[in-house]
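One structure is given here, and the rest of the page talks about it.
Protein chains: 2
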Amino acid sequence: MVETSTRERILAVAGELFYRDGIRAVGIETVCREAGIKKPTLYHYFGSKDGLIAAYLKDQDEKVLAGLTEPALRADGPAADRVAAIFENVARAARREAWKGCPFLRGAAEFAGERDHAARQLASGHKRRFERWLADFLDEHGVIDPKPLARQLTVLLDGAVTHAFLHGKGAYAREAGNAARALIEGWRRAGGSRA
Amino acid sequence: MVETSTRERILAVAGELFYRDGIRAVGIETVCREAGIKKPTLYHYFGSKDGLIAAYLKDQDEKVLAGLTEPALRADGPAADRVAAIFENVARAARREAWKGCPFLRGAAEFAGERDHAARQLASGHKRRFERWLADFLDEHGVIDPKPLARQLTVLLDGAVTHAFLHGKGAYAREAGNAARALIEGWRRAGGSRA
DNA sequence: GTCTATAAGCCGATAGAC
DNA sequence: GTCTATCGGCTTATAGAC
Numbered sequence: 063m064v065e066t067s068t069r070e071r072i073l074a075v076a077g078e079l080f081y082r083d084g085i086r087a088v089g090i091e092t093v094c095r096e097a098g099i100k101k102p103t104l105y106h107y108f109g110s111k112d113g114l115i116a117a118y119l120k121d122q123d124e125k126v127l128a129g130l131t132e133p134a135l136r137a138d139g140p141a142a143d144r145v146a147a148i149f150e151n152v153a154r155a156a157r158r159e160a161w162k163g164c165p166f167l168r169g170a171a172e173f174a175g176e177r178d179h180a181a182r183q184l185a186s187g188h189k190r191r192f193e194r195w196l197a198d199f200l201d202e203h204g205v206i207d208p209k210p211l212a213r214q215l216t217v218l219l220d221g222a223v224t225h226a227f228l229h230g231k232g233a234y235a236r237e238a239g240n241a242a243r244a245l246i247e248g249w250r251r252a253g254g255s256r257a
Numbered sequence: 063m064v065e066t067s068t069r070e071r072i073l074a075v076a077g078e079l080f081y082r083d084g085i086r087a088v089g090i091e092t093v094c095r096e097a098g099i100k101k102p103t104l105y106h107y108f109g110s111k112d113g114l115i116a117a118y119l120k121d122q123d124e125k126v127l128a129g130l131t132e133p134a135l136r137a138d139g140p141a142a143d144r145v146a147a148i149f150e151n152v153a154r155a156a157r158r159e160a161w162k163g164c165p166f167l168r169g170a171a172e173f174a175g176e177r178d179h180a181a182r183q184l185a186s187g188h189k190r191r192f193e194r195w196l197a198d199f200l201d202e203h204g205v206i207d208p209k210p211l212a213r214q215l216t217v218l219l220d221g222a223v224t225h226a227f228l229h230g231k232g233a234y235a236r237e238a239g240n241a242a243r244a245l246i247e248g249w250r251r252a253g254g255s256r257a
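In structure tokens, the structure reads:
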């Protein structure tokens, strides 16, 4: 089953273009041309451009989350080392030409004017899901009262992603990794009562 | 001199619309209508939409920087308290309906597909300027080896701004403020050698 | 499910008059 | 410096045939 369905092919093409150039910068016509189909076919599967956008971000949710958590799951040692691996992974990604930060942060920024747009809601949900995963992960690795710390690290990580993209340099993510380390180690010293 | 020049009026209107709805979401025609002028007048002053975008962000640079640093300059006590005031200010801003995060982060996100776009360059410059200001500020308030810490806090702050916007809640910026405090206090304990 | 053809409008940008 | 008028192209979206 190497052949992909039409729907999957459209979604793959749209995902690539939306991520590379920005959602608003890419027209339906371009998506159709690159996917080798005509407009009515796209509208048949997705109903509207907003429908395609929502499908794109829903499709990315799991994938982005898996890519983010994978370095931590693969690392060993104390929690600080494992979390630092996430930041180091971002720093390495920043070197790739095609890497342009987080599709959810960028999507939310593009639809700042539409409070209830799917891109905004899916971005918020995605971030809450990562924060929850991190709290569980810290808990499993012996961190006391992990929730406030997970929130701090989640915020720090998105700052790292954003700055790594903005300047095109991994140095920002790497320095943020140092901060993450310091926060986790300090958290243990304070006995979880810092927040 | 209450009357503003045509150029200033266009810039003020464009700034409001670009920030509220996003740069790509706002057409030249809309800017002209709201400013009470015709298109050739706008093109007379700014040459192109990209010219208007560049003028918008150049105009915001100083203003945003001043708004960001003001709470720290007004606060007193040790460096940790003063920097925490910046995060608290973001947390309070997140409550306002009209607040939509950082115009530079959002602008850079909108032009992710154009590496050399003015929005990207101005955003990068703006962030480097804030980082430099913070390093000087920390230095003046007795922090040893302030540069790596300033970078950590700059990254953390933009994460806080982004999450405050994303979820429409100040809680994320407030928790990031706790992290900032911990980083600064830990930095003193480590004698500036943490990084 | 996929096509041809097309609607209706908005996009950025400009020629040329005053 | 500001206008009227307009250009060509791209935008999202749809009617209707196969």
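Listed in order, the protein sequences are those of chains A and B.
Here the numbering used here is used: the first residue of the first sequence is 63, the next is one more, and so on.
Here the numbering used here is used: the first residue of the second sequence is 63, the next is one more, and so on.
Using N, Cα and C, we set each Cβ at its ideal position, and we do this for glycine too.
Annotation for Asp123 (chain A): the continuous alpha helix (DSSP H) segment containing it runs Lys111 to Arg136. For Ser186 (chain B), the three-state secondary structure derived from DSSP is helix. Taking a C-beta cut-off of 8 Å against chain A, the contacting residues of the stretch 142-169 of chain B are Lys162, Gly163, Leu167 and Arg168, listed in chain order.
Your pair Arg144 (chain A) and His203 (chain A) checks out as a contact, with CB atoms roughly 7 Å apart and the cut at 8 Å. Residue environment for Thr66 (chain A): exposed (fewer than 16 other C-beta atoms within 10 angstroms of its C-beta). For Pro140 (chain B), no alpha helix (DSSP H) segment is defined, and its DSSP state is neither H nor E. Across the stretch 173-191 of chain A, CB contacts with chain B closer than 9 Å involve Phe173, Ala174, Gly175, Glu176, Arg177, Arg182, Ala185, Ser186, Lys189 and Arg190, in sequence order along the chain. For Asp207 (chain B), there is no enclosing alpha helix (DSSP H), as DSSP marks it with neither H nor E. With its beta carbon less than 9 Å from one in chain B, Ala233 (chain A) belongs to the interface.
Under a 10 Å Cβ-count criterion, His225 (chain B) is classified as buried, with 16 or more other Cβ atoms of the shown protein chains found around its own Cβ. With respect to chain B, the C-beta atom of Glu124 (chain A) has no partner C-beta closer than 9 Å.
Here Phe192 (chain B) has Leu127, Leu130 and Thr216 as same chain residues with Cβ atoms under 7 Å from its own Cβ, once five neighbours each way along the sequence are excluded.
Contact annotation: Pro210 (chain A) and Glu70 (chain B) have beta-carbon atoms that are not nearer than 9 Å. Using beta-carbon distances, Glu132 (chain B) does not count as an interface residue toward chain A, since no partner is under 9 Å.
A straight line joining the alpha-carbon of Leu196 (chain B) with that of Ala212 (chain A) spans about 25 Å. Contact between the stretch 108-122 of chain B and the stretch 76-96 of chain B is present: three or more C-beta pairs spanning the two stretches fall below 8 Å.
Between the C-alpha atoms of Leu135 (chain A) and Pro208 (chain A) there is a straight-line separation of about 17 Å. Closest in C-alpha terms to His188 (chain B), from the list B:Gly248, B:Gly221, B:Arg82 and B:Phe166, comes B:Phe166. Within a 10 Å sphere around the beta-carbon of Arg182 (chain B) sit 16 or more other beta-carbons, which makes this residue buried. Close partners of Gly77 (chain A) in chain B (Cβ separation under 7 Å) are lacking, with about 14 Å as the shortest Cβ gap.
Judged by DSSP in its simplified three-state form, His106 (chain A) adopts helix.
Here the C-alpha atom of Phe199 (chain B) lies approximately 25 Å from the C-alpha atom of Ile246 (chain A).
By the C-beta criterion, the stretch 166-180 of chain B is judged not to be in contact with the stretch 145-152 of chain B, since fewer than 3 inter-stretch pairs fall below 8 Å.
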